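Numbering (the working numbering), first residue to last: 225 to 485.
In this text, a Cβ means the ideal position worked out from N, Cα and C, and glycines have one as well.
Because the structure is a prediction, the values reported are computed rather than measured.
Down below is the structure, laid out as structure tokens.
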Amino acid sequence: MLKNLKNTPIGVVRDEKQKPYRVANEGELHSILEEYKRKGGKVDMRLNPQTYGLEAFTIWYLNIEAFPVSDDGIEVPFNPPLLFSDLLNDKLIVTLGAREHYGAYCYEINFANRYAFIFGPTNLSNAQRFADDLFVIQDHLKKQEQEQAALFAEQAANYRALAVKPVVSETQRKLFVQANALSQQKDYPAALEFYNKALEIDPLSYPNAYFNMALLEAQLNRFHSAITSMKKYLILEPDAGDARSAQDKIYEWELMISKPK
């Protein structure tokens, strides 16, 4: 997909309703950019000194091939990564946006309720191809999610039937403690990574992990993932003391997903 767009100028901009990213000083700014470049990324950054000074800026990417891409998504400096799992609820439609390039309006694809991919006025066919390719990924993820949900429901039923519940291993406990520490530092993506590592060892021994993950995912505006995690918590612990508040969180996040972008 990315190779097909190799020579296509494309930009990515943050949702304009989000606050500008802030750094302590210009040195910190360049340090972050150098780390991104070491991973294979390229960035042409525009500062807005008249309004924000060096503490806030807009980023503009010139080519899709400049993004470091993993199996999970696309890495974006200064922001949480664009995860392919975020595609599950997005309508992947090419629209004529409000941004101009040499006097003509650009085409855009809104992504994950946080970013927009911007194609130039003459690149409609490439924009449509990109949207179609993302749709293929989206369709695959939806099928995968259904299969995983069915498997988890079966595992949860067996868990609830156990007279003695599984115990958290010391290895798992270490990962959960580290995840909580990262969460307190507000490094939410890293905290989620540690939670997932722990759950790979045993997905049932600590149901509260799914509750905590749901809150972290919501902090990153990954509302679909947050809902999935919270539902897993409720499947494992339907009679938990905080089950009511957990369900109410799901209602809140469903509203966030349904709001116009």
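Ignoring anything shorter than 4 residues, give me the alpha helix (DSSP H) runs that lie fully in the stretch 362 to 424, in order along the chain. Note on the stretch 362 to 424: whole alpha helix (DSSP H) runs with a minimum of 4 residues are 394 to 408, in chain order.
Count the C-beta pairs between the stretch 369 to 385 and the stretch 454 to 467 that are closer than 8 angstroms, then say yes if the count reaches three, no if not. The stretch 369 to 385 is in contact with the stretch 454 to 467.
In this structure, does DSSP put I481 in helix, strand or coil? DSSP places I481 within a helical segment (H, G or I) once states are collapsed to three.
Let me confirm a value: I474 is counted as buried when at least 16 other C-beta atoms fall within 10 Å, else exposed. Which label applies? Per the 10 Å Cβ criterion, buried.
Whose C-beta lies closer than 7 angstroms to the C-beta of L399 among residues of the same chain, with five residues either side of it excluded? Within the same chain, L399 has close Cβ partners F418, K421 and A422.
Can the beta-carbon of P413 be found less than 9 angstroms from the beta-carbon of L444? Closer than 9 angstroms, so yes.
Distance between A351 and N404 (C-alpha atoms, nearest Å): Between the alpha carbons of N404 and A351 lies a distance of about 40 angstroms.
Who are the near neighbours of F376 in its chain, counting only those whose CB is closer than 8 angstroms to its CB and skipping five residues on each side? If we look at F376 and ignore the five residues flanking it on each side, its Cβ neighbours are P427, K456 and I459.
May I ask you to report which of helix, strand or coil DSSP gives V293? Strand.
Hey, how far is the Cα of S255 from the Cα of K389? One alpha carbon belongs to S255, the other to K389, and they sit about 47 angstroms apart.
With distances taken from CA atoms, which of E371, L348 and D472 is nearest A450? Of the candidates E371, L348 and D472, the one whose C-alpha sits nearest the C-alpha of A450 is D472.
Span separating the alpha-carbon of E299 from that of Q408: Approximately 23 angstroms between the Cα atoms of the pair.
Mind reading off the beta-carbon distance from S429 to Q396? Whole number of angstroms is fine, and I expect it under 8 angstroms. Rounded, the Cβ-Cβ distance is 6 angstroms, consistent with contact.
Looking at C-alpha atoms only, which residue of W477, H448, A467 and A470 is the closest neighbour of E369? The shortest Cα separation from E369 among W477, H448, A467 and A470 belongs to H448.
Cβ-based neighbour list, L320, same chain, cut-off 7 angstroms, excluding 5 preceding and 5 following: Within its own chain, the residues whose Cβ lies closer than 7 angstroms to the Cβ of L320, once the five positions on either side in sequence are excluded, are Y329 and Y331, listed in chain order.
Distance, Cα to Cα, N432 vs S349? Distance between the alpha carbons of N432 and S349: 47 angstroms.
For A355 and L316, believed in contact at Cβ under 8 angstroms, the rounded distance: The C-beta distance from L316 to A355 rounds to 5 angstroms, short enough to meet the 8 angstroms contact threshold.
Could you work out which residue in I425, L306 and V318 is closest to P345 when comparing CA atoms only? In terms of Cα proximity to P345, the closest of I425, L306 and V318 is V318.
F435: buried (16+ other C-beta within 10 angstroms of its C-beta) or exposed? Counting Cβ neighbours within 10 Å, F435 comes out buried, since at least 16 surround it.
Between E240 and the rest of its own chain, which residues show a CB-CB distance below 7 angstroms, the 5 nearest in sequence each way excluded? For E240, the predicted structure reports a pLDDT of 48, less than 50, and the residue's modelled location is therefore unreliable. The matter cannot be settled from this model.
CA nearest to the CA of K367, picked from V392, K410, L312 and D295: Looking at the Cα atoms, L312 is the closest of the given residues.
By how many angstroms is the C-alpha of N334 removed from the C-alpha of V360? Note on geometry: alpha-carbon atoms of V360 and N334 lie some 16 angstroms from one another.
What are the partner residues of E332, as DSSP defines its beta bridges? Answer is T319 and I342, bridged to E332.
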